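Reviewing the structure listed below.
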Amino acid sequence: MTTRSELAIVGGTPVLPRGWTYPEWPVVEAADRDAIERTLSSGKLTCMASGEQEVSGLEREWAEFVGCRRAIGVANGTAALTLAFNAVGVEPGDEVLVPAVSFVASAMAVLHHMAVPVFVDVDPRTCNVDVAALEAAVTPRTTAIVAVHLHGLPCDMDEIVAVARRRGLRVVEDAAQAHAAEYRGRRAGTLGDIATFSLNVSKNLPTCGEGGLITTEDDAAADKCVALRQFGERLDDDRPRSYLSRHLGWNAKLNSVQAAFTRAQLDRFPRYEASRQDNVARFLARVRELPGLECPSAPPDRTHVWHILRFRCEPERAGIDVSPRAFRDALRRALAAEGVPASTYQRVPLPDQPVFRARVGFGRGYPWTLAPERGPDGEFPNATRALQQSFTIQKFHLNPHAGATLQRFADAFEKVFDNLDVVASMARAADARAAAVEVGG
Ligand SMILES: *Cc1c(COP(=O)(O)O)cnc(C)c1O
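Position one of the sequence shown corresponds to residue 381 (the working numbering), numbered consecutively onward.
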């Protein structure tokens, strides 16, 4: 650019004009409507209906897609986690290791199962769990690890599984954000003892509402999940329902309409995924060289499925002497003014969520009171810093036709970075205000 164009935040013309049509997610097509209509016409609306095809069909297709023996459709990704903990033998009062950055459900499901989440700091670049910190957090009460593939990037599974084998722990993969992500030639969902997926409308493989899937190689664990989602009942395919419950179960079934919708989406998923990879790669190739912006990436041994794009802001690398947080806030505001929906995802580390800070539980403080010797949570400096100095792009880029919008986003990033002096003075002013508040007490 020869002449700099003025940033929209100081009155210039935004890169994405008002009225720009942002790509929707999910994409709903005739095939999805047909799948719903077909299911309604079948009259078989839950997986307990004799001859029901949609839930069992999705389970078969997802198991094949992921490359594992069994898949079980459940009500949502959170229920999937709770059932998975139960199926691998986590007991009330057990400690379960959870990364300090994830969606709240990764830890809340531990509490629903009456186990105690123990938080572990993360790698500052990926926000996936730090394996050295993980092993250091193991105590005699630890029985399982929640391995979250955050943002769509598989975590260090070989190292995590090695810790688990050494310490006798079970590994539950939380793959809610990682449909089709690959790690050393295998797909997420096959990398631990059991895995959970979400089909929430916001995820890479959506349903028309809420849904989830569990995958495992372990037939006994899979059978237990099938019973647990249906009131813990004993179920034999060829016999009428017994109504006898053996386990403390839930009603956590995936419904047939939502399974049918996801089957239609799964048909197109490989195409969507390929477009997403292409669109995001072309976008990141343009913004990767911008100074002071650390872009998401994948090491050569794994793929990133870009569920969320997180950008870490490093002002010192742009030669700007402001706090990373103020730099992030200023960049985010400048980008938003240009029409880039730059957001934050997870404002605070999980252990700082009010529900976990206050150790909210069930009556008498269970399950926290079952682990009485646990002191307060430690510090999570990597998680805290990563969340303070990064912003995200969510949802809009998932649409397979998001390529043109992402190119406009790249234009906006370039424009903002052409005007870093403006961004720097915004950030400097914010730092000064914060300092004044501090001095003023
Ligand atoms: C979405 C999500 C969940 C929960 O899934 P729901 O289907 O919304 O219950 C769990 N873990 C992670 C990492 C998620 O992103």
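The beta-carbon is built from N, C-alpha and C at its ideal position, and this holds for glycine as well.
None of these values were measured; they are calculated from a predicted model.
Look up residue 700 in the DSSP assignment and say whether it is helix, strand or coil. coil
Taking Cβ positions, are residue 552 and residue 468 nearer each other than 9 Å? yes
Residue 390: CB within 8 Å of a non-hydrogen atom of ligand 1: no
Closer than 8 Å: is that where the CB of residue 629 sits relative to any heavy atom of ligand 1? no
Beta carbon of residue 455, beta carbon of residue 592: below 9 Å? yes
With which residues is residue 596 paired in a DSSP beta bridge? Under DSSP, residue 596 shares a beta bridge with 450.
For residue 498 and residue 792, the rounded distance between their alpha carbons: 40 Å
By the DSSP assignment, the beta strand (DSSP E) with residue 522 in it spans what residues? 522-528
From residue 720 to residue 787, what does the alpha carbon distance come to, in whole angstroms? 11 Å
Answer with buried or exposed for residue 623, where buried requires no fewer than 16 other C-beta atoms within 10 angstroms of its C-beta. Looking at its Cβ environment, which holds fewer than 16 other Cβ atoms inside 10 Å, residue 623 is exposed.
Using a Cβ-based criterion (distance less than 8 Å to any ligand heavy atom), does residue 528 qualify as near ligand 1? For ligand 1, a non-hydrogen atom lies closer than 8 Å to the CB of residue 528.
If I'm right that residue 561 touches residue 532 with Cβ under 8 Å, what's the distance once you round it to whole angstroms? 6 Å
Quick one: Cα of residue 465 to Cα of residue 571, how far? 16 Å
Check whether the segment 610-620 and the segment 580-595 touch, using three or more Cβ-Cβ pairs below 8 Å as the test. no
Taking the Cβ atom as the reference point for each residue, do residue 694 and residue 769 lie within a distance shorter than 9 Å? Cβ atoms of residue 694 and residue 769: closer than 9 Å.
Helix or strand or just coil, what does DSSP make of residue 579? coil
Smallest Cα separation from residue 501: which of 510, 493, 657 and 495? 510
With a 10 Å radius around its C-beta and 16 neighbouring C-beta atoms as the bar for buried, classify residue 641 as buried or exposed. buried
Identify every residue that forms a DSSP beta bridge with residue 673. 693
Assign residue 754 to one of three DSSP states: helix, strand, or coil. Look at residue 754 here: in three-state DSSP terms it is coil, with no helix or strand label.
Is the beta carbon of residue 644 less than 9 Å from the beta carbon of residue 706? no
So residue 790 and residue 666 are supposed to be a Cβ contact under 8 Å. How far apart are they, rounded? 4 Å
Can you give the Cα-Cα distance for residue 543 and residue 549, rounded to whole angstroms? 8 Å
Start and end residues, beta strand (DSSP E) containing residue 800: Residue 800 -> not in any beta strand (DSSP E); alpha helix (DSSP H) instead, spanning 800-820.
Starting from residue 650, follow the alpha helix (DSSP H) in both directions and report where the run begins and ends. 636-667
On a Cα-Cα basis, can you pick out the residue from 718, 724 and 489 that is closest to residue 394? 718
Nearest-angstrom Cα distance between residue 754 and residue 522? Looking at the backbone, the Cα of residue 754 and that of residue 522 are separated by about 12 Å.
Let me check one thing: in DSSP terms, what residues is residue 477 bridge-paired to? 498 and 525
Residues of its chain near residue 519, where Cβ-Cβ distance is below 7 Å and the 5 sequence neighbours each way are ignored: 475
Whose CA, out of 779, 778, 752 and 732, lies closest to the CA of residue 758? 732
Return the residue from the list 420, 496, 530 and 687 that minimises the CA-CA distance to residue 473. 496
If you measure between the beta carbons of residue 484 and residue 730, is that distance less than 9 Å? For the pair residue 484 and residue 730, the CB atoms are nearer than the 9 Å cut-off.
Run the CB neighbour count on residue 676, radius 10 Å, all protein chains shown included, and call it buried at 16 or more, exposed below. buried
In the DSSP assignment, find the unbroken alpha helix (DSSP H) run with residue 414 in it and report its ends. 410-422
I'd like the ranges of any beta strand (DSSP E) spanning at least 3 consecutive residues and lying wholly in the segment 727-790. 770-774
If we ignore side chains and look at the alpha-carbon of each, how far apart do residue 690 and residue 813 end up? Here the alpha carbon of residue 690 sits roughly 27 Å from the alpha carbon of residue 813.
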